[in-house]
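Written below as structure tokens is the structure these notes are about.
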Amino acid sequence: MPSKIFLYRLFLFLISIGRISFLSGLVVILEIYLPLLEAVAVAIISKSEFKNSSNESKPLTLEPSSRSSNQWKTASEGIFGL
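Residue numbers (the working numbering): -18 to 63.
Right, dumping it as structure tokens:
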């Protein structure tokens, strides 16, 4: 039967392996998800900046199109002036 000291050392060794694998797994997760979070943050910031810049100019409203009084401008027609 193994001694208590051997079991204690084995227990500490297994805990240290668990900590190392947990930390390496955490690093891998952070390496994967941090660029994704950064991309989402950049998209949100640029979207809000685009809204602010478009609000400073004339806001898009539903206006009758020049082609027919029954047709309404879509968003792309309002933005690009088609």
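Yeah, the Cβ is synthetic: ideal placement off N, Cα and C, and Gly gets one too. Keep in mind that this is a model prediction, so the values were computed, not measured.
Residues in the same chain with beta-carbon distance under 6 Å from residue i, minus the five sequence neighbours each way, listed in chain order, please.
i         : result
residue 0 : none
Which residues in the same chain have their Cβ closer than 7 Å to the Cβ of residue i, if we skip the five residues on either side of it in sequence?
i           : result
residue -11 : none
According to the neighbour-count rule (16 or more other Cβ atoms, all chains shown, within 10 Å of its Cβ), is residue i buried or exposed?
i           : result
residue -14 : exposed
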